[in-house]
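Trainee:
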Amino acid sequence: MNDLLHGYGPVVAGGVGVTLRIAVGSLAMACVFGLIGALARLSASRIARVLAQVYTTVVRGLPELVLMLAVFYGGQYLVNLATQAAGWPDLDIPPATAGTLTIGFIFGAYLAETFRGAFLAIPRGQAEAARAFGYPPARILLHVTLPQMVRHAIPGFANTWLVMVKATALVSLIGLDDMIHRASLAAASTREPFTFYLLTAVIYLAITSVSIVALRALETRFSLGVRRLDF
Amino acid sequence: MSPVIDWDVVREALPLFVRGWGVTLLLLSSALAAGFVLAVPLAVLRVSRYPLLALPVRAFTFVFRGTPLLVQLSLVYYGLAQFPAIRESVAWPLLRDAWFCAWASFTLNTTAYTTEIFAGALRATPAGELEAARAIGMDAVAQYRYVLLPAALRRALPQYGNEVVGVMHATAIVSAVSLVDLTRVARDVYATSLLPLEAFGTVAVFYFATTFGLVGLFRLAEQRWLGHLRATVTVAPAGAAHAH
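Chains as they are written, first to last, in the working numbering: chain A, 1 to 231; chain B, 1001 to 1244.
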């Protein structure tokens, strides 16, 4: 195996860690953005609803790569303006941070829709009963609606994760040292591009397959005690 | 460095953006056309009850939906050069061309997604429709030609619309293989002007317009072909029941 890869196996394998770290970090960011977006869409405040609507529409109307470039270069531009105005020394946004934030921001828009639907799937009586007991709104969310929402959100969540893992491949285009970037370096020095891109394809396929199995287990776990319909 | 827009930069780059837009739209439409033609028969095989027909298609969609399009594009554009047999073959001038490689990998990718969309729509056929077709003695070809496919393709319209918008957004990655599409133009404008708002703001307007144009087209298509499934409660005046 190592002979086949000319000793570059560990180099590319090390990139898997970078890819997974970005994917998991982005997922955490996406959950935060998604939850804020969903709660804003469902809020009584008109401004919050409009802002959330603008967020999901803008993100879903643009290519991921364009958003990533805009955040990466545009974000740096804004930071430069701010540090110059304040007279501070230059501050460079690390590409890993820009990549993780952007992917999280993009997929947060998709998760916002998923979470909104999941919140709406909970019977109204649940939150009403909690209110009747005098629960404050934050506690209703944390102890009543949020735990029940998870089950309804899992199918959409699973889908978003699978799409997002593949979207992490784009960070190699803004200069991040992920699996694909390392494969391209190995390809250039060994002159065997097919071998190394195929290796990344196999690793992505493995991540996808493991995810599908894990998400199915998660769905079973969160659906315990739910009556199944026999058609 | 001022936060107001430098309109001169935008005005000068506008012809480049329009040309890049043409590249994006040409790649999109050629890949979609080929993908549609391939996906219809593959979907029919995908739902077949014979594993020998269904399994290879299933493996194809699993691989192409489970790996990033950027990897698929790199495998075709950079990877094939590894093999001397391919470099010496008659197809090499084609396989070395960025346009052809982009078209081929986008076609394979969208074929995989579209096949699953169409297969899902075929599976959603009400059992009675198939039984009725059999009862009046249609053979398998006639069943697909007159009953199963026309209804399934209509049912697939909303999801197919999402796929089309998704492919349009995915075309942005061809900027990585030296094709001068919309995104490549934006990156070049940024590289020469160092003005992110002018470069990426302008390209965002183009992508937005295209996204909403496509969404609008599919809304019209759904009204035209899915109108009979729309859940509207209207009281039609007598004699105007079949108006639309």
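Idealized CB from N, CA, C, for every residue including glycine.
Using only the alpha-carbon positions, how far apart do Leu-78(A) and Gly-1066(B) sit?
Mentor: Leu-78(A) and Gly-1066(B): Cα-Cα distance of roughly 36 Å.
Trainee: Using alpha carbons as the reference points, say which of Ala-1031(B), Phe-1118(B), Leu-1038(B) and Phe-1064(B) lies closest to Thr-208(A).
Mentor: Among Ala-1031(B), Phe-1118(B), Leu-1038(B) and Phe-1064(B), the Cα nearest to that of Thr-208(A) belongs to Phe-1064(B).
Trainee: Consult DSSP for Ile-140(A) and reduce its assignment to one of helix, strand or coil.
Mentor: Helix, per DSSP.
Trainee: Going along chain C in order, which residues have a C-beta closer than 9 Å to the C-beta of Phe-105(A)?
Mentor: The chain labelled as chain C is not found among the protein chains of the depicted structure, namely A and B.
Trainee: Under 8 Å between the Cβ atoms of Val-59(A) and Ala-109(A)?
Mentor: The answer is yes: Cβ separation under 8 Å.
Trainee: Whose CA, out of Val-1004(B), Ala-1013(B), Ile-1086(B) and Thr-1111(B), lies closest to the CA of Ser-1030(B)?
Mentor: Of Val-1004(B), Ala-1013(B), Ile-1086(B) and Thr-1111(B), the residue nearest in Cα terms is Thr-1111(B).
Trainee: Can you look up His-6(A) in the DSSP assignment and give me helix, strand or coil?
Mentor: Of the three classes helix, strand and coil, the one that applies to His-6(A) here is coil, per DSSP.
Trainee: Closer than 8 Å, Cβ to Cβ, to anything on chain A: give me those residues from the region 1077-1098 of chain B, in chain order.
Mentor: Under the 8 Å Cβ criterion, the region 1077-1098 of chain B contributes Tyr-1078, Gly-1079, Leu-1080, Ala-1081, Gln-1082 and Phe-1083.
Trainee: Using alpha carbons as the reference points, say which of Thr-160(A), Thr-220(A) and Met-149(A) lies closest to Ile-122(A).
Mentor: If we check each option's Cα against that of Ile-122(A), Met-149(A) comes out closest.
Trainee: I'd like the list of long-range same chain contacts for Ala-1151(B), defined as Cβ closer than 6 Å, with 5 residues on each side in sequence excluded.
Mentor: Nothing listed; no residue qualifies.
Trainee: Comparing the C-beta of Ile-180(A) with each C-beta of chain B, is any distance below 8 Å?
Mentor: By this cut-off, Ile-180(A) is an interface position.
Trainee: Would you give the residue range spanned by the alpha helix (DSSP H) that Arg-227(A) belongs to?
Mentor: From DSSP, Arg-227(A) is part of no alpha helix (DSSP H); its letter is neither H nor E.
Trainee: Tell me which same chain residues have a C-beta within less than 7 Å of the C-beta of Ile-140(A), skipping the five on either side of it?
Mentor: Correct list, in chain order: Ala-127, Ala-130 and Arg-131.
Trainee: Please state whether DSSP places Tyr-135(A) in a helix, a strand or coil.
Mentor: Of the three classes helix, strand and coil, the one that applies to Tyr-135(A) here is coil, per DSSP.
Trainee: Any C-beta of chain B sitting closer than 8 Å to the C-beta of Gly-14(A)?
Mentor: No, because no Cβ of chain B sits closer than 8 Å to the Cβ of Gly-14(A).
Trainee: Please list, in chain order, the chain B residues whose beta carbon lies closer than 7 Å to that of Gly-74(A).
Mentor: The contacting residues are Pro-1196, Leu-1197 and Phe-1200.
Trainee: Flag this pair as touching only if the region 101-115 of chain A and the region 153-173 of chain A have three or more C-beta atom pairs under 8 Å; answer yes or no.
Mentor: The region 101-115 of chain A is in contact with the region 153-173 of chain A.
Trainee: How should Tyr-73(A) be labelled, buried or exposed, when 16 other C-beta atoms within 10 angstroms of its C-beta is the threshold for buried?
Mentor: So Tyr-73(A) counts as buried.
Trainee: Need the endpoints of the alpha helix (DSSP H) that Leu-1045(B) sits in, please.
Mentor: Note, Leu-1045(B): alpha helix (DSSP H), 1007-1046.
Trainee: Runs of 3 residues minimum, wholly inside the region 1118-1197 of chain B: which ones carry the beta strand (DSSP E) assignment?
Mentor: Counting only runs of 3 or more, we get nothing.
Trainee: Taking Cβ to Cβ, would you say Leu-1148(B) is nearer than 8 Å to Leu-1226(B)?
Mentor: No, they are not a contact pair.
Trainee: Cβ of Glu-113(A) less than 8 Å from any chain B Cβ?
Mentor: Taking Cβ atoms only, chain B never reaches closer than 8 Å to Glu-113(A), which makes this a no.
Trainee: From the beta carbon of Val-18(A), is the nearest beta carbon of chain B less than 8 Å away?
Mentor: By this cut-off, Val-18(A) is not an interface position.
Trainee: Select from Val-1018(B), Val-1044(B) and Asp-1008(B) the residue whose C-alpha is nearest the C-alpha of Arg-1145(B).
Mentor: Cα-wise, what sits closest to Arg-1145(B) is Val-1044(B).
Trainee: Could you run through the region 1004-1033 of chain B and flag, in chain order, every residue whose CB is less than 9 Å away from some CB of chain A?
Mentor: Listed by position, the residues of the region 1004-1033 of chain B near chain A (Cβ gap below 9 Å) amount to none.
Trainee: To the nearest angstrom, how far is the alpha carbon of Met-1001(B) from that of Ile-1086(B)?
Mentor: At Met-1001(B), the pLDDT of 48 sits below 50, so the modelled position is not reliable and the matter cannot be decided from this model.
Trainee: Can you pull out the residues from the region 1113-1132 of chain B whose beta carbon lies closer than 9 Å to at least one beta carbon of chain A?
Mentor: Within the region 1113-1132 of chain B, no residue qualifies.
Trainee: Within the same chain, show all residues whose beta-carbon is closer than 6 Å to that of Gly-25(A), passing over the 5 residues directly before and after it, in chain order.
Mentor: Excluding residues within five positions, the ones whose Cβ falls inside 6 Å are Thr-100.
Trainee: If you compare alpha carbons, which of Pro-1056(B), Ala-1133(B), Phe-1083(B) and Val-1165(B) is closest to Thr-1211(B)?
Mentor: Ranking the options by Cα distance to Thr-1211(B), first place goes to Val-1165(B).
Trainee: My guess is that Phe-1206(B) and Trp-1021(B) are in contact by the Cβ rule of under 8 Å, so how many angstroms apart are they, rounded?
Mentor: Right, the Cβ-Cβ distance comes to about 6 Å (below 8 Å), so this counts as a contact.
Trainee: Quick check on the burial criterion: 16 or more other C-beta atoms within 10 angstroms. Buried or exposed for Gln-1082(B)?
Mentor: Per the 10 Å Cβ criterion, buried.
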